[in-house]
Amino acid sequence: MVLGAILARIVRQLRIRIACLQHLPQPSVNRRYSSETMKRRITIAISFLVTLWFFDNAVRRWDDRLAVYDMDRIGRKLALLESLEEPPEVLILGSSRTAYAMVPEEFERVTGMKSFNFGIPASKVVEWRLIAREALNRVRPRVILLGVNASAIRADYRPIYAAQSLFEPSDFVEYTLANGWSSDVAAGFFERELMLTWPTARRNHEIRYWIQERLVAAFPKHAQLARERREMVAEPGERDGFDHPWLFHKRMKNLQQQIDERGDRFVQKGSVPTFDLAASSMAELDRLLFELKSTRIPIIVCYLPNSPRTERRWRDVEPRMKMEIESVCRRRGVAFIDASPTDIVRSNGDYLDESHAGLSLARALSEHAARRIVTLGVLDSDGPVYASSRDEGQLGP
1448 MVLGAILARI
1458 VRQLRIRIAC
1468 LQHLPQPSVN
1478 RRYSSETMKR
1488 RITIAISFLV
1498 TLWFFDNAVR
1508 RWDDRLAVYD
1518 MDRIGRKLAL
1528 LESLEEPPEV
1538 LILGSSRTAY
1548 AMVPEEFERV
1558 TGMKSFNFGI
1568 PASKVVEWRL
1578 IAREALNRVR
1588 PRVILLGVNA
1598 SAIRADYRPI
1608 YAAQSLFEPS
1618 DFVEYTLANG
1628 WSSDVAAGFF
1638 ERELMLTWPT
1648 ARRNHEIRYW
1658 IQERLVAAFP
1668 KHAQLARERR
1678 EMVAEPGERD
1688 GFDHPWLFHK
1698 RMKNLQQQID
1708 ERGDRFVQKG
1718 SVPTFDLAAS
1728 SMAELDRLLF
1738 ELKSTRIPII
1748 VCYLPNSPRT
1758 ERRWRDVEPR
1768 MKMEIESVCR
1778 RRGVAFIDAS
1788 PTDIVRSNGD
1798 YLDESHAGLS
1808 LARALSEHAA
1818 RRIVTLGVLD
1828 SDGPVYASSR
1838 DEGQLGP
């Protein structure tokens, strides 16, 4: 009986499977279905590519209209530098710390020589090298001043900004061979290459701003932001490249005021830089100084101080980093000056934020650096030429 039950169960399962197979679609139907699906997919793909082609051509034709939203700091300063009737004799390079702390007027007042501030926010060593290459293709100054800070040689630095904005294929290959593969740097580089050939990708932010301004009735807040962006781009900028926020009455509260109002723990803190002598940033600093020296233009490296608040937090790492920067300069025969003398009293109230000098302190640091350059004998100067024309009492706290 048991064996008969097992056989009956097997027979039932076979009948079920046969019935299922009988209800499956015929092979010819499957082929017809696959063919129709493929045709639909091809049609959709072609329609998408044709639409994209028409859109790209429209973007090419409207490039001038979209460019009014383009905030390319490097391109703007290069264009400004090239437009000057009198090329600067002192070219100042560096990050936002340099952009805000080195005042060309003070260098001109002390040395009598036209100066230009080419400080670019968010830039570091590799960016400076490539910016210098572009700038020196346009002008030949008598001296180059490089403003540095401990954050510029942090061990975790990757030149993503340079890859997105400045790298040529040869630069990407050289960096990769020297420092190994970096997915972040590669992504930035290939994004740049894509944008150079694809107008829609290159102008994606500008397209968004353009649309937002035209949808003012539906999205007034976004339209206002887009309009402010356009107005900011339209500002010609200072002829000497110096554009401290306090000059334009922006971000007026100093660091101490922020601490008093919000409490110290609620005020933004910059991350403590990691330090490693074997880091690629150290090698890049050495290469930068080597390439600048090869131009036969005198080079000055100026260390820019942080706020007291930052110095307290960085006390375990910053002195060593400053010492190593000076050591690299010495090996390359480059003059090094420290723009944080004890006779210039600095407080948190003298800073825009943790690391960026306020306008009054920037003038004092710039005068100190300029006088040190004269003392070093890098420039021939008869001393002060003319006083600053800006009314410092009305600019910033």
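My numbering applies: residue 1448 is where the sequence shown begins, and numbers increase by one. Glycine residues also receive a C-beta, built at the ideal position from the N, C-alpha and C atoms. All values reported here derive from a predicted model rather than from experimental measurement.
Contact belief for residue i with residue j at Cβ below 8 Å, rounded distance in angstroms
i: T1391; j: V1821; result: What the structure shows of the chain is the stretch from 1448 to 1844, and residue 1391 is not part of that stretch, so it cannot be assessed.
i: G1594; j: G1566; result: 7 Å
i: R1779; j: F1737; result: 6 Å
i: I1791; j: A1811; result: 5 Å
i: V1775; j: D1711; result: No, V1775 and D1711 are not in contact; Cβ-Cβ is about 34 Å, not under 8 Å.
i: A1786; j: L1823; result: Their Cβ separation, rounded to whole angstroms, is 14 Å, which puts A1786 and L1823 out of contact at 8 Å.
i: V1586; j: P1534; result: 4 Å
i: L1643; j: T1742; result: With 8 Å as the limit, L1643 and T1742 do not qualify as a contact, their Cβ atoms being about 28 Å apart.
i: I1591; j: S1562; result: Wrong, their Cβ atoms sit about 11 Å apart, outside the cutoff.
Residue i burial status per 10 Å Cβ neighbour count (16 or more: buried)
i: W1761; result: buried
i: Q1715; result: exposed
i: V1497; result: exposed
i: N1564; result: buried
i: I1489; result: exposed
i: M1560; result: buried
i: L1662; result: exposed
i: D1603; result: exposed
i: G1688; result: buried
i: I1420; result: Because residue 1420 is not part of the residues shown, which for the chain are 1448 to 1844, the question remains open.
i: E1570; result: For the record, residue 1570 in the displayed sequence is Ser; it is not Glu. Buried: at least 16 other Cβ atoms inside 10 Å.
i: E1532; result: exposed
i: M1729; result: buried
i: K1524; result: buried
i: S1727; result: buried
i: R1556; result: buried
i: L1471; result: Unreliable positioning characterises L1471 in this predicted model, as indicated by a pLDDT of 48, which lies under 50. The coordinate reading is nonetheless provided below. Result: exposed.
i: L1724; result: exposed
i: E1678; result: exposed
i: E1682; result: exposed
i: R1709; result: exposed
i: S1542; result: buried
i: F1501; result: exposed
Cut-off 8 Å between Cβ atoms - residues of its own chain near residue i, not counting five sequence neighbours on either side
i: L1499; result: T1647
i: R1589; result: E1536, V1537, M1560, I1744, P1745 and L1826
Beta-carbon proximity list for residue i, same chain, < 6 Å, skipping 5 on both sides
i: P1720; result: A1597, S1598 and R1601
i: F1511; result: Here residue 1511 turns out to be Asp, not Phe, going by the sequence shown. Correct list: empty, nothing qualifies.
i: Q1705; result: V1714
i: L1751; result: R1544, A1548, G1594, N1596 and A1786
i: Y1656; result: Y1516, A1673 and R1676
i: P1692; result: R1698
i: S1506; result: According to the sequence as given, residue 1506 is Val; it is not Ser. Closer than 6 Å at Cβ, skipping near neighbours: P1646, T1647 and R1650.
One or two residues paired with residue i in a DSSP bridge
i: Y1604; result: According to DSSP, which records beta bridges pairwise, Y1604 is partnered with nothing at all.
i: G1796; result: Beta-bridge pairing links G1796 to no other residue.
i: N1564; result: I1539
i: G1594; result: C1749
i: I1784; result: C1749
i: V1804; result: The sequence shown places Ala at residue 1804, rather than the Val named in the question. The partner list for A1804 (beta bridge, DSSP) reads Y1798.
Cβ-based neighbour list, residue i, same chain, cut-off 7 Å, excluding 5 preceding and 5 following
i: V1632; result: R1605, P1606, I1607, A1610 and Y1622
i: L1468; result: Confidence is the limiting factor: at L1468 the pLDDT is only 48, short of 50, which leaves the residue's position unreliable, though a coordinate-based value still follows. Here the set comprises nothing.
i: E1660; result: A1670, A1673 and R1674
i: P1766; result: none
i: L1735; result: V1572, W1575 and R1576
Closer than 7 Å: residue i CB and nearest the ligand GTP heavy atom
i: N1701; result: Inclusion of the ligand GTP in the displayed structure is not the case, the ligand content being empty and no account of it being possible.
Using 8 Å as the Cβ pair cut-off and three pairs as the minimum, do the region 1737-1748 and the region 1618-1627 touch? no
For the region 1804-1824 against the region 1540-1558, are there 3 or more C-beta pairs whose distance is under 8 Å? yes
Pairing CB atoms from the region 1783-1799 with CB atoms from the region 1748-1757, are three or more of them under 8 Å? yes
Cβ pair count under 8 Å reaching 3, the region 1694-1711 against the region 1571-1581: no
Is the region 1670-1685 touching the region 1767-1781, taking contact as three or more C-beta pairs under 8 Å? no
If we count Cβ pairs, one from each stretch, closer than 8 Å, do we get three or more for the region 1645-1657 versus the region 1515-1534? yes
How do the region 1609-1616 and the region 1638-1645 stand: do at least 3 beta-carbon pairs fall below 8 Å, yes or no? yes
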